[in-house]
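Contents: one structure, followed by commentary.
Number of protein chains: 2
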Amino acid sequence: MKEVRIGLLGAGVVGTSLLQLLDKNREKIQRHYGINLQLTTIATRSPGKLQGKTNVPVTDDVLSVTNRSDIDMIVELIGGTDVAYKAVRSALENGKTVITANKALLSEKGRELYPISAKTGAELGYEAAVAGSIPIIRTLRDGLSSCEFEVICGILNGTTNFILTKMEQEAWDYSTALKKAQDLGFAEADPTFDVEGIDAGHKIGLLASLAFREYVSFASLSVKGISDLQSLDIQSALSLGYRIKLLGISKRSSAGVLTKVHPTLVPLDHPLANVMNESNAVFYKTKEADSGMITGKGAGGMPTASAVLSDIIYYATRLGSKDIAKENNLFPEAKAFPEPDNLVRYYLRFSTVDKPGVLAEISQVLGRHNISIASVQQKESTSEPVSVIVVTHGATEGEFQKSLQEIDTMSTIIKQKTVAIRLLEKL
Amino acid sequence: MKEVRIGLLGAGVVGTSLLQLLDKNREKIQRHYGINLQLTTIATRSPGKLQGKTNVPVTDDVLSVTNRSDIDMIVELIGGTDVAYKAVRSALENGKTVITANKALLSEKGRELYPISAKTGAELGYEAAVAGSIPIIRTLRDGLSSCEFEVICGILNGTTNFILTKMEQEAWDYSTALKKAQDLGFAEADPTFDVEGIDAGHKIGLLASLAFREYVSFASLSVKGISDLQSLDIQSALSLGYRIKLLGISKRSSAGVLTKVHPTLVPLDHPLANVMNESNAVFYKTKEADSGMITGKGAGGMPTASAVLSDIIYYATRLGSKDIAKENNLFPEAKAFPEPDNLVRYYLRFSTVDKPGVLAEISQVLGRHNISIASVQQKESTSEPVSVIVVTHGATEGEFQKSLQEIDTMSTIIKQKTVAIRLLEKL
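Respectively, the protein sequence lines represent chains A and B. Counting in UniProt numbering, the first sequence runs from 1 upward without gaps. Counting in UniProt numbering, the second sequence runs from 1 upward without gaps.
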């Protein structure tokens, strides 16, 4: 039987879940794939923590593992871009297959790592790096390999989707929902990466690169997170028939690839609107097969470990095969372009004084900028500021920016900066 | 560059779409996969119809293609189980990779074909046989290969989902909606395979076999279609918060595998409820990664052809590789078991006379069989029969059968056979 010797780097939540899965599935993998997965050694910062949990030798020296000649495959679950980078680089240089769940590493250092992988022929699997248990990487590489993608987008960060769900369902403010996510282990002590959209940005960049076979760098993305969203906007959007989701969106046209992350009002009848809690979803549109969507658990030790193990199995079956084409990650750079002159729609919440004629003044400015109003909502209020909520029809991004600048300086009627959130565009 | 020589059998809607896709993608496939796909010959019943549409030699002799020693891969798009069976059998015996979109063939003849494939090492790809453009076969084989499946189910027949959508949205009766589907080319002149659930049965059997790695035969399925559904039931279910979908459902427990096809009331907040028109969806639940769902176009020439082409690419990269484990289709037979004694729920529509006390008599019978009522709906009516609609709480299948037998013989109050439709069970 083919034996594949594995070195595991990192033994946190995902790493220890993977240890369980490997134990449980060893015999099944032998039976179904004719492969004996042999976990040879584990490297972790605190080897003592694994005492009694495994019979596999444990070390704290990562590079001693990636340099071992008797290891075929390195599974990197350290995270971050420092030690993980050195380890993955070393493993690829040594010709070892690398399986990683590290989206930050690939997003920030992929352009350095992919050429090494291409040179030594070491394959690089990263199913677990994007959208947890959703097998979107395999789907892009194999399942939909014949398709020409026009759009790929999705809910790619479980933490922020959980926070948005709680802000809606419990009417909590942002900080209460964040605290809950931290208590449940869904959010880090420093939540910046998640809540500011950086993690989603890393992921949509990786997905767009694979879907379009053009490299979409993180630097080319515009990224906006959810930390300034208010419960009031989430509830108001809902009453207008929309749910606010943090979406990563990438669209390809003849002008190039437009990729971005921002909170978005999604119509309730769109399938992305009904993806709740820590679930993730990837929505795509192709020329040949129209649109489709995959949903699943986006976070958690076991869902992520199962994606790692599926990757291990896939690349283990390919390991040592000389006559199979290696997978490609070296795509030409995509031509990024800023928001084009397409018509976009906005949800606008104006915080105004409570006096007659305010709505007339606002709508005059909007009208001068060719922005027409689709719906207006103003609830009775006993204190200022009064919230006037407008959902617009389509206009250009430029006209919106100009009109909001103008309105926000009308100090006789406007009490606070206007909140503007994009509606989901036609995908 | 690796050259893969292909023989195409069948040049109907999917076949001619595939010809277009092959032409359009040839250069891209060379660039991305290092494979030159060479369409060598086409076999079709009416070679004349292809005149002017292709430069590839055309024949009407299927076996002359499968017997050619210079062909590596056969793409079978003939359909049915007669000529297609002979052709696929011949191709596999000759050691050629076979790509097929033919679920009936695999469902009815798979147990004869798989051993030939295993013996000669010829691989068999059938992504396009199930759920059109949804890459569920690759997902089960690779993307979720580490997962232990508990449930797989879905909307697997585009024709019936289109008919159900029209019956709801246009309030059409079944035969009007079927006619429309036939006019649009979504339904065959003889729609039996689709509307009686046979096609969905073939597909859920194939999916269950792959998900559980146990062979689920079509003979072990219970299958019920949509041809006796009435618009009234679709509208009534909707007003109660459910949408009626034709689901293929397969569940695995220690007792065995339960697989079936029947119309099902799906709660509107379940993701399967919002899959409309000719779209398909596959919902699954695994021990490691909880639940997930994939949606996409379930029918149509181009979506199906794109699934065929993705399969061609996948198996072309593996062709000729001696040291890669062949995929397995030879699973041990699943222990099938009938509906267990779990509690199930029903939507019941009683057609009754218009007199006092009817509901009391019905609910007495239900009560004697331990069936309690969750909700009742009776609209004012000017003519008999009156429709009394009951949604029940959970009871055993046996108790339902007994109580309905009893009620339907109460000729003083019941005018027509009671309509009983299952609610979606806890998955």
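Beta carbons are placed, not taken as given, at the ideal position from N, Cα and C, and that holds for glycine.
Just the chain B side, please: which residues come within less than 8 Å of residue i by C-beta, in chain order?
| i | result |
| --- | --- |
| A:G320 | D323 |
| A:T317 | I324, A325 |
| A:S117 | Neighbours of A:S117 on chain B: none; closest Cβ ~16 Å, over 8 Å. |
| A:L21 | S146, E288 |
Determine, using beta carbons only, whether residue i comes closer than 8 Å to chain E.
| i | result |
| --- | --- |
| A:N25 | Among the chains of the structure shown, chain E does not appear; the protein chains present are A and B. |
Can you name the residues of chain B whose CB is closer than 7 Å to the CB of residue i?
| i | result |
| --- | --- |
| A:G34 | A325 |
| A:I313 | S145, S146 |
| A:L206 | Result: empty, since nearest Cβ-Cβ is about 16 Å, beyond 7 Å. |
For residue i, return the contacting residues in chain A, with the cut-off set at a CB-CB distance below 7 Å.
| i | result |
| --- | --- |
| residue 433 of chain B | It is not possible to answer for residue 433 of chain B, since the shown part of chain B is limited to 1 through 427. |
| B:S306 | S146, C147, E288, A289 |
So which residues on chain B does residue i lean against when the C-beta distance must stay under 9 Å?
| i | result |
| --- | --- |
| A:T159 | Per Cβ cutoff of 9 Å: no residues; A:T159 is ~17 Å from chain B at best. |
| A:L404 | Near A:L404 there are no residues of chain B at all, since even the closest Cβ is about 35 Å away, more than 9 Å. |
| A:L309 | S145, S146, C147, E288 |
Assign residue i to buried or exposed, taking buried as 16 or more other Cβ atoms, counted over all protein chains shown, within 10 Å of its Cβ.
| i | result |
| --- | --- |
| A:D171 | Residue 171 of chain A is actually Ala in this sequence, not Asp. Looking at its Cβ environment, which holds fewer than 16 other Cβ atoms inside 10 Å, A:A171 is exposed. |
| A:M73 | buried |
| B:T317 | buried |
| B:P338 | exposed |
| B:L178 | buried |
| A:G52 | exposed |
| A:R141 | buried |
| residue 448 of chain B | The first residue shown for chain B is 1 and the last is 427, placing residue 448 of chain B beyond what the model contains. |
| B:N329 | buried |
| B:G357 | exposed |
| A:P135 | buried |
| A:R31 | exposed |
| B:E3 | exposed |
| A:K417 | exposed |
| B:G185 | exposed |
| A:K119 | exposed |
| A:R1 | With the sequence shown as reference, residue 1 of chain A is identified as Met, and Arg is not the correct amino acid for it. Label assigned to A:M1: exposed. |
| A:K49 | exposed |
| B:I382 | Residue identity check: residue 382 of chain B is Thr in the sequence provided, not Ile. Exposed, by the Cβ-count rule. |
Is any heavy atom of the ligand ZN found at a distance shorter than 7 Å from the C-beta of residue i?
| i | result |
| --- | --- |
| B:A87 | Absent from the structure shown: the ligand ZN. Ligands present: none. |
Just to make sure I have the definition right: I need the residues of chain A whose C-beta is within less than 8 Å of the C-beta of residue i. Which are they?
| i | result |
| --- | --- |
| B:R213 | H32 |
Within the stretch 228-302 of chain A, note down every full alpha helix (DSSP H) run reaching 4 residues or more, in order along the chain. 231-239
With three or more C-beta pairs closer than 8 Å as the rule, is the stretch 32-45 of chain A touching the stretch 55-63 of chain A? yes
Got a sec: which bits of the stretch 269-303 of chain B sit with their beta carbon under 7 Å from any beta carbon on chain A, in order along the chain? If the cut-off is 7 Å between Cβ atoms, the stretch 269-303 of chain B has P271, N274, E288, A289, D290, G292, M293, I294, T295, G296, K297, M302, P303 near chain A.
Could you list the residues in the stretch 62-80 of chain B with a C-beta less than 7 Å from some C-beta on chain A, going in chain order? Within the stretch 62-80 of chain B, no residue places its CB atom closer than 7 Å to a CB of chain A.
At what residue ranges does the stretch 188-228 of chain B contain a whole run of the alpha helix (DSSP H), taking only runs of 4 or more? 192-195, 198-212
Does the stretch 81-90 of chain A come within contact of the stretch 298-308 of chain A, defined as at least 3 CB pairs closer than 8 Å? no
Compile a chain-ordered list of the residues in the stretch 134-157 of chain B whose CB is closer than 7 Å to at least one CB of chain A. I134, P135, R138, T139, D142, G143, L144, S145, S146, C147
Report yes or no: do three or more beta-carbon pairs, one from the stretch 207-217 of chain A and one from the stretch 245-252 of chain A, lie closer than 8 Å? yes
What runs of the beta strand (DSSP E), each 3 residues or longer, lie entirely inside the UniProt domain "ACT" (347-421) of chain A? 373-378, 386-392
Check whether the stretch 144-158 of chain B and the stretch 364-378 of chain B are in contact - that is, three or more C-beta pairs closer than 8 Å. no
Touch check for the stretch 368-377 of chain B and the stretch 253-266 of chain B: three-plus C-beta pairs under 8 Å? no
Going along the stretch 229-252 of chain A in order, which residues come within less than 8 Å of chain B, judged by CB to CB distance? none
If you pair each beta-carbon of the stretch 279-298 of chain B with each one of the stretch 385-402 of chain A, do three or more pairs fall below 8 Å? The stretch 279-298 of chain B makes no contact with the stretch 385-402 of chain A: fewer than 3 CB pairs, one atom from each, lie closer than 8 Å.
Between the stretch 407-426 of chain A and the stretch 87-102 of chain B, are three or more C-beta pairs nearer than 8 Å? no
Residues within the stretch 354-374 of chain A neighbouring chain B, beta-carbon criterion of under 8 Å: none
Check whether the stretch 129-140 of chain A touches the stretch 100-109 of chain A, taking contact to mean three or more Cβ pairs, one atom from each stretch, closer than 8 Å. yes
Any contact between the stretch 221-234 of chain A and the stretch 266-276 of chain A? By contact I mean 3 or more CB pairs, one from each, below 8 Å. no
Unbroken beta strand (DSSP E) runs of length 3 or more, entirely within the stretch 100-172 of chain B: which are they? Considered as a whole, the stretch 100-172 of chain B harbours 149-155 as its complete beta strand (DSSP E) runs of no fewer than 3 residues, in chain order.
Contact between the stretch 315-335 of chain B and the stretch 348-359 of chain B is defined here as three or more beta-carbon pairs at a separation below 8 Å; is this criterion met? no
Any 3 or more C-beta pairs closer than 8 Å across the stretch 62-70 of chain A and the stretch 89-98 of chain A: Touching, yes.
Does the contact criterion of 3 or more C-beta pairs under 8 Å hold for the stretch 111-128 of chain A versus the stretch 95-102 of chain A? Because the criterion of three Cβ pairs below 8 Å is met, the stretch 111-128 of chain A and the stretch 95-102 of chain A touch.
Can you check the stretch 59-91 of chain B for any alpha helix (DSSP H) of at least 4 residues that lies completely inside it and give the ranges in chain order? 62-66
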